[in-house]
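In UniProt numbering, the protein residues as written are 1 to 170. A short write-up of the structure that comes next.
Structure, rendered in structure tokens:
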């Protein structure tokens, strides 16, 4: 089931994001960035709380029958459109359609807030992930942004930058 997350969900969302992208646990799924960024942390509770409290920001959660959060996505309303970030599915459950359902919910949210565009940043060397987004209607904009290393998200193992993808909502 997909619903809007509440502040009490933050510790579970942080654990999900870290397990999907960083460290050994992430290597069970295909979204891992462990070969690109060293460390076990992609985000922390303070960072997610900050996103949670931003005006125009919504965090959706996908829960299983036991009520466990197994998928998440953050949608932030901006002048350009809805920015899609913090998108993750439990590494053990990737490939089962949860991500597709969260993308559909993102489309519905964008329509609800009157946005014709959803856009996102993807690490440019993640060709398999970029291809997956393209199969779901996203296209490269030609824009690139630096991926600046910080004290939270781990040490880059190679130079990295973001590619901006965009989708027009029907």
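Beta carbons are placed, not taken as given, at the ideal position from N, Cα and C, and that holds for glycine.
Three or more C-beta pairs below 8 Å linking the region 29 to 40 and the region 152 to 167: yes
Contact between the region 84 to 102 and the region 62 to 73 (3+ Cβ pairs under 8 Å): yes
Where residue 120 falls, given that 16 or more other Cβ within 10 Å makes a residue buried: buried
Inter-residue CB distance, residue 57 and residue 82 (contact presumed, cutoff 8 Å): Wrong, their Cβ atoms sit about 10 Å apart, outside the cutoff.
Residue from 41, 4, 48, 93 whose Cα sits closest to the Cα of residue 28: 93
Residue 18, DSSP secondary structure in three states: helix
Three-way DSSP call (helix, strand, coil) for residue 4 in this model: strand
Nearest residue (CA-CA) to residue 66, options 143, 141, 1: For the set 143, 141, 1, the Cα lying nearest the Cα of residue 66 is the one of 1.
Contact belief for residue 61 with residue 13 at Cβ below 8 Å, rounded distance in angstroms: Confirmed, Cβ separation roughly 7 Å.
Length of the line joining the Cα atoms of residue 17 and residue 101: Straight-line Cα distance between these residues: approximately 17 Å.
Separation of residue 129 from residue 46, as counted between CA atoms: Straight-line Cα distance between these residues: approximately 27 Å.
Close beta carbons around residue 124, own chain, < 7 Å, minus the five adjacent residues each side: 144, 161, 162, 163
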